[in-house]
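Numbering (UniProt numbering), first residue to last: 1 to 323. Read the structure below first, then the notes.
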Ligand code: FAQ
């Protein structure tokens, strides 16, 4: 094939891809896609998967210390759900040609990111409730639009994940409601957790739009459907009435309803803190990655046993096919 014919074919594929995106249809694993689209998706989906897996740690620390059997069972189920989300997402990344073992290596060597939010400590049981309310709430705002993401396997994984995140958010809110009906000390614990998690939760949505290098292209490809600031605003608008009903104060003196905009105005998160946490300098980054690395190393025998079992089964199936 001549170079001209080659590039003509490539242009045809590119225009088919653009047309599929333009019609709001899905790109599927076997479809042709530009290398940049594939790379962007692997980056986002892998970071998302890593976040779910690392995100098991802050709440997981409270499983043995939950105040009742009921709370323990709920928390155990929630943390297991997060593991499941990580696994769907690693599978979605594999459909793009990524190798799961390689993605894990990148995470534990600090070469791939995960959400900043999981680098903060969980100091009291109220943090479990506030993570459900804020962090799962922020995850829902961010991820419901991803159910319409242009890449089929990612969008479909999001549908189930969002259903579970909604349940997680409710369990967090219900836990906090229960604590708010309790003693003064319990109410103080809730307010303290709200004070510590509010700003980091706003930072989950990423840098402000003017400082978000990936947004324009990701939105043009319909991987992302809304900008970081749009989703952050949606989260604030959703959370303010919930805070009033709960009886807690959100720690932002600039927070007020703006009649003209039809949205709440709010203060500016400390973007230098987000940068520091993303680049490995948050309160718990070292501990989170070390724990993930240890779990990976300790699980080596399980992977070896599962591979040996799969190889044995495949050999048996071959023998049966021959017989
Ligand atoms: N933390 O140009 P942008 C959950 C990075 S799951 C760390 O704006 P983009 C469930 C960004 O990657 C939570 N890094 O990037 C749960 C990029 O770096 P790179 C995770 C961040 O991709 C609940 C650079 O900064 N959710 O909570 C953060 O267009 C409870 C420039 O940023 C997802 O992953 C950050 N906060 O937008 C589990 C959702 N923000 O790669 C357990 C899917 C930005 O160029 C318990 N992801 N960065 O070196 C997304 O929607 C997007 O990737 C954004 C970032 C919005 C996170």
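All C-beta atoms in this analysis are idealised placements derived from N, C-alpha and C, irrespective of residue type, glycine included. Remember, it's a predicted structure, so these values are computed and weren't measured experimentally.
Just the C-alpha distance for residue 24 and residue 150, rounded to the nearest angstrom, thanks.
Between residue 24 and residue 150, the C-alpha separation is close to 7 Å.
Between the segment 128-142 and the segment 54-71, can you find at least three pairs of beta-carbon atoms closer than 8 Å?
yes
Can you determine whether any heavy atom of the ligand FAQ sits closer than 8 Å to the C-beta of residue 136, and answer yes or no?
Yes.
Could you tell me whether any non-hydrogen atom of the ligand FAQ is closer than 8 Å to the CB of residue 125?
no
For residue 124, which residues from the same chain have a beta carbon less than 8 Å from its beta carbon, with the 5 sequence-adjacent residues on both sides left out?
189, 192, 193
Which of helix, strand or coil does DSSP assign to residue 223?
coil
For the candidate residues 293, 226, 38, whose alpha-carbon lies nearest to that of residue 110?
293
CB of residue 146 to nearest heavy atom of the ligand FAQ: below 8 Å?
yes
Compute the minimum distance between the beta carbon of residue 114 and the heavy atoms of the ligand FAQ, and state whether it is under 8 Å.
yes
First through last residue of the alpha helix (DSSP H) which encompasses residue 265:
Where residue 265 is concerned, there is no enclosing alpha helix (DSSP H), although the beta strand (DSSP E) it sits in stretches over 263-265.
Between residue 235 and residue 137, which are expected to be in contact by the criterion C-beta below 8 Å, what is the C-beta distance as a whole number of angstroms?
7 Å
Across which residues does DSSP place residue 256 in a beta bridge pair?
265
Please look up how many angstroms separate the CB atoms of residue 251 and residue 229, rounded, as I've assumed it's under 8 Å.
No, residue 251 and residue 229 are not in contact; Cβ-Cβ is about 20 Å, not under 8 Å.
Counting C-beta neighbours from all protein chains within 10 Å, is the total for residue 222 16 or more, i.e. buried, or is it exposed?
Within 10 angstroms of the beta-carbon of residue 222 lie 16 or more other beta-carbons, which makes it buried.
Using only the alpha-carbon positions, how far apart do residue 98 and residue 42 sit?
Using only the alpha carbons, I get a separation of about 7 Å.
Over what stretch of residues does the alpha helix (DSSP H) that includes residue 146 continue unbroken?
Counting along the chain, residue 146 falls outside any alpha helix (DSSP H), and DSSP gives it neither H nor E.
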